[in-house]
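The number in this note's numbering is simply the position in the sequence shown, starting from 1, with 805 added. Working notes, structure below.
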Amino acid sequence: MSRLRFSKGSNHRKVTLMPDTLAASAPEQATVRAAELAAFLAARMCHDFISPASAIVSGLDLLEDPLAQDMRDDAMNLIGASARKLSDLLQFNRLAFGASATAETLDARELERLARGVFATMRADLDWRVEQGVNKPAARALLNLAQMAGAALPTGGTVRVGAIDQGGVLAITLEATGPKSRLRPEVLAGLRGEGPGEGLHGHWVQAYYVYLFVGDAGGRVSGEIGEGRVTFTAMIPSTS
């Protein structure tokens, strides 16, 4: 089994947002302009939204087509399912990528609900074992890493999500177990704080974003690849 551990030691210093660059402290890490990072994140979210939104439009077109009235029930089912998927993604992304929450501590049951909404369209199953409330950085880490873990199981499997407070530090662990588990190279690069290289920015930017906000909170994130298993871990201070 090969083991990959990322973001160790002094690499976990706070990331500073400069006028022209958004860069981490270690020299080998990526230098990404703030505007570029925002564009990559926006493109990533739009990619998630376009499929259900287009399906809703297709369903409406069928309803308006006088030659397709026999498909009215199919059209309504398509619109309903796509609207629910779009709503789930919007609620998930609002917290995972945005700053919608005003409370300093987020309820674990609400985070589970958001994660299950996304997993409803994935082949992987979600085994959620987080019971205590968590702060904003930990909440974002749980949601983003859960989505990344689910994506690492394209043919199905189980993602187990757990978090334990260890003396003021929340230890987060996500295990994605399945017959064809995998991670794209650009995801691994993002977790290391590196640029995407020739890889797809949509997959890279989520991992890189996790790397940034976990580091900014004074924590660290890591990943391991094994046979039939992908594991993400994050250590985040649980107190301000």
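Using N, Cα and C, we set each Cβ at its ideal position, and we do this for glycine too. Here the structure is a predicted model, which is why all the values come from computation and not from measurement.
Practice prompt. Just the C-alpha distance for Lys890 and Ala840, rounded to the nearest angstrom, thanks.
Written response: Taking the CA atoms as reference points, Lys890 sits about 29 angstroms from Ala840.
| query | Which partner residues of Glu1029 appear in the DSSP bridge assignment? | reply | Answer is Thr1036, bridged to Glu1029.
For this session: Using 10 angstroms around the beta-carbon of Val862, count the other beta-carbons present and answer buried if the total reaches 16, otherwise exposed.
Result: Exposed, because fewer than 16 other Cβ atoms sit within 10 Å of the Cβ of Val862.
Does the Cβ-Cβ distance between Gly995 and Thr978 come in under 8 angstroms?
Not in contact: Gly995 and Thr978 (Cβ atoms no closer than 8 angstroms).
At least three beta-carbon pairs within less than 8 angstroms, the segment 908-928 to the segment 1001-1020
Short answer: they don't touch.
Practice task
Hey, could you find the ends of the alpha helix (DSSP H) Arg889 is sitting in?
Solution key: Element bounds for Arg889: 877-901.
* Shortest alpha-carbon distance to Asn949 belongs to which of Tyr1014, Leu993, Met876? -> From the listed residues Tyr1014, Leu993, Met876, the smallest Cα separation to Asn949 is found for Tyr1014.
Checklist entry - Taking the Cβ atom as the reference point for each residue, do Gly983 and Gly1033 lie within a distance shorter than 8 angstroms? => result Going by C-beta atoms, Gly983 is nearer than 8 angstroms to Gly1033.
When you compare the CB positions of Val964 and Gly972, do they come within less than 8 angstroms of one another, or not?
Going by beta carbons, Val964 and Gly972 fall outside the 8 angstroms limit.
Check for me: the beta strand (DSSP E) holding Asp866 runs from which residue to which? Note, Asp866: premise wrong, no beta strand (DSSP E); alpha helix (DSSP H) at 839-869.
TODO: Compute the Euclidean distance between the alpha carbons of Gly885 and Asp893, then round it to the nearest angstrom.
DONE: Taken atom to atom, the span from the alpha-carbon of Gly885 to that of Asp893 is near 12 angstroms.
- Item | First through last residue of the alpha helix (DSSP H) which encompasses Glu980 | Membership of Glu980 in any alpha helix (DSSP H) is not indicated; the residue belongs instead to the beta strand (DSSP E) covering 974-982.
Q) Between the beta-carbon of Arg899 and the beta-carbon of Val1010, is there less than 8 angstroms? A) No.
| query | Exposed or buried, what is Ile855 when buried is set at 16 or more other beta-carbons lying within 10 Å of its beta-carbon? | reply | Result: exposed.
Hey, Ser859 and Asn940: beta-carbon distance below 8 angstroms or not?
-> Contact flag unset, no.
Here's the rule: buried if 16 or more other CB atoms are within 10 angstroms of the residue's CB, otherwise exposed. What is Met881?
The residue is exposed, with fewer than 16 neighbouring Cβ atoms inside 10 Å.
CA-CA distance, Leu911 and Val992?
Taking the straight line from one Cα to the other gives about 26 angstroms.
Practice problem: Could you tell me which of Arg914, Gln952, Leu842 sits nearest to Val935, measuring between CA atoms? | Solution: Selected option, being the one with the closest Cα: Arg914.
> Where do the ends of the beta strand (DSSP E) carrying Asp1021 lie?
Replying inline: For Asp1021, no beta strand (DSSP E) run applies; the uninterrupted alpha helix (DSSP H) run containing it begins and ends at 1006-1021, by DSSP.
- Under a Cβ-count criterion, where at least 16 other Cβ atoms within 10 Å of its own Cβ denotes burial, should Gln937 be classed as buried or exposed? Only exposed fits Gln937, as fewer than 16 other CB atoms lie within 10 angstroms of its CB.
- Residues near Phe845 by beta carbon distance below 6 angstroms, same chain, minus five either side: Cβ within range, chain order: His1006, Val1010.
Distance, Pro871 Cα to Gly1046 Cα
Given that the chain is displayed from residue 806 to residue 1045, the structure contains no residue 1046 and the question cannot be resolved.
Please classify Ala873: does DSSP put it in a helix, a strand, or coil? Collapsing the DSSP output to three states places Ala873 in a helix.
Handout entry: Which of helix, strand or coil DSSP assigns to Leu996
Key = Note: Leu996 maps to helix in three-state DSSP.
Point to revise | Near the ligand NAP: Phe1018 beta-carbon under 7 angstroms from a heavy atom | key: As presented, the structure is devoid of all ligands, the ligand NAP included, so that no description of it is given.
From Leu868 to Asp878, what distance separates their C-alpha atoms? A direct Cα-to-Cα measurement between Leu868 and Asp878 gives close to 9 angstroms.
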